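J.: This is the structure, below, for whatever I ask next.
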Ligand code: C5P
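Residue numbers (UniProt numbering): 184 to 405.
Structural data, given as structure tokens:
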């Protein structure tokens, strides 16, 4: 077996979906379950890495020997990553981050009224975590992003790898049933900086995670 391929490497892995509160009882979120990020954490730990999982709103069991930090919002996720990134050899951003959050969080539960048959929510942009971390990245640190798309998968992923200064992007088509968000299976295309593409079969998130770890250990860290 190929144990300890990542021995001595410190990996930060984000997983899950951020929640952006609206009032004490409501929030905006997305369909991320955290399964992909947790599978990556487990595979990385099995390969000998020192793994810190930053988990946004998941109820999944934490893999053995993985440290976990729990966050709720995009801004909390950014702070948790910023506090640890300088020590890390790689950041894998599998979390689904809300691009916008409510401009105001009501202190009390928002009530419906007889007059208000419609309601308008004002949203403001959240920080782009990968973009901010990209500015802090040293040459020997790796940044790996995900691209969940419903259309123009590869074109959009290629744009993201450049815009966010990534070493690798893991692109998946979330419009297909049975793969991606919340599913147990996934099918991804690994897209490298040089434009090279590697598409996986439809397979378990555990197997996709293992392939990512192989790419990290045999290619990106060399
Ligand atoms: O541009 P898009 O949000 O689709 O890019 C996806 C990648 O960027 C994912 O790796 C996601 O975790 C990361 N991201 C981020 N901060 C955001 C939005 C997305 O780091 N505000």
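We put the beta carbon where it would ideally sit given N, CA and C, even for glycine. In this text the structure is predicted, and so the values were computed from the model without any measurement.
Cβ atoms of residue 250 and residue 236: under 8 Å apart, would you say?
T.: In the chain shown, the residue the question calls residue 236 occupies position 53. In the chain shown, the residue the question calls residue 250 occupies position 67. Yes, Cβ-Cβ distance for residue 236 and residue 250 is below 8 Å.
J.: Any heavy atom of the ligand C5P within a distance shorter than 7 Å of the CB on residue 219?
T.: Within the chain shown, residue 219 is the residue found at index 36, counting from 1. No, the Cβ of residue 219 stays beyond 7 Å of every heavy atom of the ligand C5P.
J.: For a minimum of 3 consecutive residues, which ranges assigned as the beta strand (DSSP E) are wholly contained in the stretch 193 to 241?
T.: 193 to 199, 203 to 206, 209 to 211, 233 to 239
J.: Would you list the residues sitting across from residue 304 in a DSSP beta bridge?
T.: By 1-based counting over the chain shown, the position of residue 304 is 121. Residue 304 pairs with nothing; no bridge assigned.
J.: Which of helix, strand or coil does DSSP assign to residue 270?
T.: Here residue 270 corresponds to residue number 87 of the chain shown, with the count starting at 1. It is coil, neither helix nor strand.
J.: Among 248, 229, 221, which has the Cα closest to the Cα of residue 238?
T.: Counted from its first residue, the chain shown places residue 238 at position 55. Cα-wise, what sits closest to residue 238 is 221.
J.: For residue 382, does the three-state DSSP call read helix, strand or coil?
T.: For the purposes of this step, residue 382 is identified with residue 199 of the chain shown, where counting begins at 1. Note: residue 382 maps to strand in three-state DSSP.
J.: Hey, would you say the C-beta of residue 285 is under 7 Å away from at least one heavy atom of the ligand C5P?
T.: Here residue 285 corresponds to residue number 102 of the chain shown, with the count starting at 1. Every heavy atom of the ligand C5P is 7 Å or more from the Cβ of residue 285, so no.
J.: Which residue's Cα is closest to the Cα of residue 281: 194, 226, 192, 214?
T.: Taking the first residue of the chain shown as 1, we reach residue 281 at position 98. Out of 194, 226, 192, 214, 214 has the C-alpha closest to the C-alpha of residue 281.
J.: Shorter than 7 Å, the distance from the beta carbon of residue 200 to the closest heavy atom of the ligand C5P, or not?
T.: Here residue 200 is taken as the residue at index 17 of the chain shown, counted from 1. Outside the cutoff, so no.
J.: Taking its Cβ as the centre, do 16 or more other Cβ atoms sit within 10 Å of residue 154, making it buried, or is it exposed?
T.: Any property of residue 154 remains undetermined from this structure, which presents the chain solely from 184 to 405.
J.: Assuming residue 369 contacts residue 391 (C-beta within less than 8 Å), just tell me the rounded distance between them.
T.: In the chain shown, counting from the first residue as 1, residue 369 sits at position 186. In the chain shown, counting from the first residue as 1, residue 391 sits at position 208. Right, the Cβ-Cβ distance comes to about 5 Å (below 8 Å), so this counts as a contact.
J.: Here's a check: name, in chain order, each residue in its chain whose Cβ is nearer than 6 Å to the Cβ of residue 389, leaving out the five neighbours to either side.
T.: In the chain shown, the residue the question calls residue 389 occupies position 206. Hits under 6 Å: 222.
J.: Figure out for me which residue from 343, 373, 323, 298 has the closest Cα to the Cα of residue 268.
T.: Within the chain shown, residue 268 is the residue found at index 85, counting from 1. When each option's Cα is compared against that of residue 268, the closest is 323.
J.: Note down the Cα distance separating residue 321 from residue 403, rounded to an integer number of angstroms.
T.: For the purposes of this step, residue 321 is identified with residue 138 of the chain shown, where counting begins at 1. For the purposes of this step, residue 403 is identified with residue 220 of the chain shown, where counting begins at 1. Cα to Cα, residue 321 sits roughly 14 Å from residue 403.
J.: Helix, strand or coil for residue 259? Go by DSSP, reduced to three states.
T.: Looking up residue 259 in the chain shown gives position 76. Three-state result, residue 259: helix.
J.: Please classify residue 228: is it buried, with 16 or more other beta-carbons within 10 angstroms of its beta-carbon, or exposed?
T.: Start at 1 with the first residue of the chain shown, and residue 228 comes out as number 45. When all chains shown are included, residue 228 counts as buried.
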